[in-house]
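Chains as they are written, first to last, in the UniProt record's numbering: chain A, 1 to 531; chain B, 1 to 531.
1. Anything in chain B within Cβ reach of residue 527 (chain A), meaning under 8 Å, just list it in chain order.
2. What span of residues does the beta strand (DSSP E) with residue 438 (chain A) cover, start to end?
3. Between the alpha carbons of residue 182 (chain A) and residue 338 (chain B), how many angstroms are there, rounded?
4. Residues in its own chain within less than 6 Å of residue 534 (chain B) by CB, not counting five upstream and five downstream?
5. How would you write the range of the alpha helix (DSSP H) that residue 290 (chain B) sits in, first residue to last?
6. Give, in chain order, every unbroken run of the beta strand (DSSP E) that is at least 3 residues long and sits entirely within the segment 428-483 of chain A.
7. Mind pulling the chain B residues with CB within less than 8 Å of residue 507 (chain A)?
8. Within its chain, find whatever has a CB closer than 7 Å to the CB of residue 525 (chain B); leave out the 5 residues flanking it on each side and keep chain order.
9. Less than 8 Å between the CB atoms is what I'm expecting for residue 435 (chain A) and residue 320 (chain A), so what's the real figure, rounded?
10. For the segment 153-181 of chain B, which residues have a CB atom closer than 8 Å to at least one CB atom of chain A, in sequence order?
11. Looking only at its own chain, which residues have a Cβ that is under 8 Å from the Cβ of residue 309 (chain B), when we skip the five neighbours before and after it?
12. For a cutoff of 8 Å on Cβ pairs, would you count residue 260 (chain B) as touching chain A?
13. How would you call residue 371 (chain A), buried or exposed, if buried means at least 16 neighbouring beta carbons within 10 angstroms?
14. Closer than 9 Å between beta carbons: that is the criterion. Which residues of the segment 391-414 of chain B meet it against chain A?
15. Along the segment 474-494 of chain B, what residues have a CB closer than 7 Å to any CB found in chain A?
16. Within 8 Å (strictly less), CB to CB, does residue 206 (chain A) reach chain B?
17. Could you check whether the Cβ of residue 360 (chain A) sits closer than 8 Å to any Cβ belonging to chain B?
18. Taking CB distances under 8 Å as the criterion, tell me whether residue 305 (chain A) reaches chain B.
19. What residue from B:465, B:312, B:419 and B:266 has the CA that sits closest to residue 293 (chain B)'s CA?
20. Taking 8 Å as the threshold (C-beta atoms), are residue 344 (chain A) and residue 405 (chain A) in contact?
21. For residue 315 (chain B) versus residue 346 (chain B), is the C-beta distance shorter than 8 Å?
22. Between the segment 425-444 of chain B and the segment 244-256 of chain A, do at least 3 Cβ pairs fall closer than 8 Å?
23. Assess contact between the segment 164-183 of chain A and the segment 194-203 of chain A, defined as three or more Cβ pairs (one per stretch) separated by less than 8 Å. Is contact present?
24. Per DSSP, residue 162 (chain B) is paired with what?
25. What's the C-alpha gap between residue 67 (chain A) and residue 451 (chain A)?
26. Using a Cβ-Cβ cut-off of 8 Å, state whether residue 222 (chain B) counts as contacting chain A.
27. With DSSP collapsed to three states, give me the class of residue 263 (chain B).
28. Could you tell me the alpha carbon to alpha carbon distance between residue 282 (chain A) and residue 299 (chain B), rounded to whole angstroms?
29. Identify which residue in A:336, A:278, A:484 and A:364 has its Cα closest to the Cα of residue 534 (chain A).
30. What three-state label does DSSP hand residue 512 (chain B) in the structure shown?
31. What does DSSP give as the partner residue(s) for residue 133 (chain A) in the beta ladder?
32. Can you tell me the Cα-Cα spacing of residue 382 (chain B) and residue 158 (chain B), whole angstroms?
33. Can you list, in chain order, the residues of its chain with a C-beta nearer than 7 Å to that of residue 522 (chain A)? Leave out the 5 residues immediately preceding and following it.
34. Is any beta-carbon of chain B found at less than 8 Å from that of residue 274 (chain A)?
35. Is there contact here, the segment 419-429 of chain A with the segment 457-471 of chain A, by at least three beta-carbon pairs under 8 Å?
36. Along the segment 335-368 of chain A, what residues have a CB closer than 8 Å to any CB found in chain B?
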């Protein structure tokens, strides 16, 4: 209590609806939101994924070569090296036919001249993932304007179809940008149940296809709980109308869940119905220091009970993560005076009553300081302070990219054991690398990042498969929220038993017998090649 | 405001953890929790569902005949007539073999003598559903004690496997009684995210298999959001270990959702991992009167904003429902003085802070009265009052059964249109029936009940298919939370398009090619008979 009294940093601010504005970091928390769509081509001649590479080292060089070849000089320099695997180069499925001028004419007939894109620069953008690590070889980009026209890029399908102010149920097309939906709902007194750093560019169809997690999951749960309905186009062109707008519907198997998180490999999401929570405007953010990981855990448990219904985020980072963001990101400062803090926790509360929320959070912080769970802390005084606290946590991916090469892992682990992995990796790698940890502690989601001056195969060999094996041993997930994509398709067995993966394969075969939807992704190559 | 001051019924009570005790009504809100398991028989000789009937009229008589035949005199009298359909008698699948003494010896070898039940009385209980409307013809009841031994009755598989106090994640066997889990969690400071009238008898495996909704859905969402993992035994005996204990896991298709709500027809749930919310002990209950349905809707919207994070139930009933419960259930009284109220709303709040929750609810009620949204109301003063308020709402199914025959419908509808159906039915049926409406307004779930002195075919013909057609036209669900079972299997097309149902059929065929799991249920007979 005395300590608490002495620190004068716990100032209260009048939270004025900064919920939707507090973050504008362009770095995506999830790399695949926009690339989640594969393609359904009624003539079975896919235009995509000709020779994607999953060996990143190879990819890195060959991509630079290609960039030179194609004469595009503005190529992004690859400072960072992502979460890698030793998977071999993908061979194009020989059953796939190749694009010819007849196909192009056909598509122009369906979509109109201007929605069939062959411009090299636009193709390069569409073929490249957000981290600039992978590059497809598609020669054509199709932009449908309606479900009937679908395939591939749904960015022109960006209409809000309906919103019910009583139930809070929103129905929209898949190409709606998440941030636009957030802005629209704000005028209606509602919010989206998910929020991401990448909201400015990611589309709701991609969010659903990748089962995006993000910053509100601890409060509002996953998309499996919030998505009420989907319209999906299957590989054979069939349109599945599962676009229910009901909170409860027990009529048969709830097939929409197959498409949530299947990364576009079972069908293309074209419309989404989603339950949105009412907007509660009393938001407070505290930035706290803890002396050890055990204190962070205890703080979480206490917060769940004592903050209860107003807790909306519980994020953590360790001191190496803090150093990194302070050293590499401009305009970021530690709100707490320099000291030997081992861990930092960001707590956000959201409620319907400003005075009460403030009072409750303050009482909780006093209690936590009295109990020795936190050693210092600051309570945002205004929206700018709150944004600056969030910037520390959200600036981490960018800071890591600026620091050099980075090996990234997105793991779910039992909260109790989570940080043991970080400590083991530090011992294992010694001076050769900086092991940085942060993540959504409230969800048990660790973002483990290993930063080195430059990429080295021998460092990768020390990390993998060790990290995957460790995660598997502790019944964790090797991909908490980012999905498997191409890179981790073969690593699925670390998190799923063989017979479960085989059942996934059967379902893939039933829905997409020719394997034309987002090929080579999600399922292990052994399964996809056999089809 | 003046009105409010005059009514002295808004008394505050110190809510002393009555959350888990407030209801003990034995009438289940969901009829199929315990009957959700079909059977997987590795020798392909099912013991169940020989000749279940979906024509209730036939069923009603034939069941009485059988009861006489078997000499069991304590048979329950069938006062009520349930939600009916004109579906014809089910023919036993001729591919199924019949039970012989060799089978019985085999099962005794596997499960032990005492877990192979042939006792007539125990078989009668197991063959009869909770409403005593359907009766199976199984000659044998098997009670496995472990996943390896499964199938059919999992009541002996009732162990809690683990509970993580930091994350709130519970792992248990499928046979655990919901109420026992609630009691266990109470000692740990957590609650189950679902609660039902039938908690004293329903098992968690059945809750999951039927995607039980219940009373906490408005606050904590559906089981698709809360169930983190399942262990499932397939028709071929294969055990699928999807028993993750992680909030986030994006490694491949999330297949557990196929089994949530599939009524045991795709596999048998043997273990469940579920996220449990922290227990918040400040519970308040108000019982309110509204002059019309529009006011109920407006009250809901206001409650979502003004009560926000503490709103935990929003139930409604109309004046005919109130009359019915007052006339047929002993010990129930209207907490509001007799007056011409058209609608009643029960609001429950749950929060972490007693004083604040009370204050907030009172302020909201004052506001609602001032705005003319409610015409009268009472705030429970103690746990007994709160229980008596809940008893009105939860006593309705029992009161309906006592009142005579009843045609029951469990519908999801857009909240805006919901009550139009009730009014249309009253016009349609005139004096011949009493149309009673109540339900989970916060979830858009209407329990439409049509009460008559005795069952009549011509009344059924006026109700069906009209109710289903009306629901379909408004994109509602003909089964919000009760499932399709045998009775509504053929009605699935009212809520799902043909190609979606056919895809369900493909999945059924892939997982259970011989159709031995809970046969004749969920999917339309046209699909199941073709397999």
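The beta carbon of each residue, even a glycine, is placed where N, CA and C say it ideally should be.
By the coordinates alone:
1. The contacting residues do not exist; residue 527 (chain A) stays about 10 Å from chain B at best.
2. It spans 434-440 - the beta strand (DSSP E) in which residue 438 (chain A) sits, taken as one unbroken run.
3. 46 Å
4. Examination of residue 534 (chain B) is not possible in this model, given that chain B is present from 1 through 531 alone.
5. It is not in any alpha helix (DSSP H) - residue 290 (chain B) instead sits in the beta strand (DSSP E) that spans 282-290.
6. Complete beta strand (DSSP E) runs here, min 3: 434-440 and 445-452.
7. Those are 253, 255, 507 and 510, listed as they occur along chain B.
8. 489 and 490, listed in sequence order.
9. 7 Å
10. 164, 165, 166, 167 and 168
11. 351
12. yes
13. exposed
14. So the list reads 410, 412, 413 and 414, given in the order they occur along the chain.
15. So the list reads 475, 476, 477, 478, 479, 480, 481, 482, 483, 484 and 492, given in the order they occur along the chain.
16. Using a CB distance cut-off of 8 Å, residue 206 (chain A) does not count as an interface residue toward chain B.
17. yes
18. yes
19. B:419
20. no
21. yes
22. yes
23. Segment contact: the segment 164-183 of chain A against the segment 194-203 of chain A, three or more CB-CB distances shorter than 8 Å; contact assigned.
24. B:171
25. Residue placement at residue 67 (chain A) is flagged as unreliable, the pLDDT there being 27, under the threshold of 50; a coordinate-derived value is accordingly withheld.
26. yes
27. coil
28. 22 Å
29. Nothing can be reported for residue 534 (chain A): it is not among the residues displayed for chain A, which extend from 1 to 531.
30. Three-state result, residue 512 (chain B): coil.
31. Answer is none; residue 133 (chain A) lacks a bridge partner.
32. 34 Å
33. 262, 263, 265, 484 and 489
34. Residue contact check for residue 274 (chain A) against chain B: no CB pair falls below 8 Å.
35. Flag = yes, the segment 419-429 of chain A and the segment 457-471 of chain A touch.
36. 350, 351, 352, 353, 356 and 360
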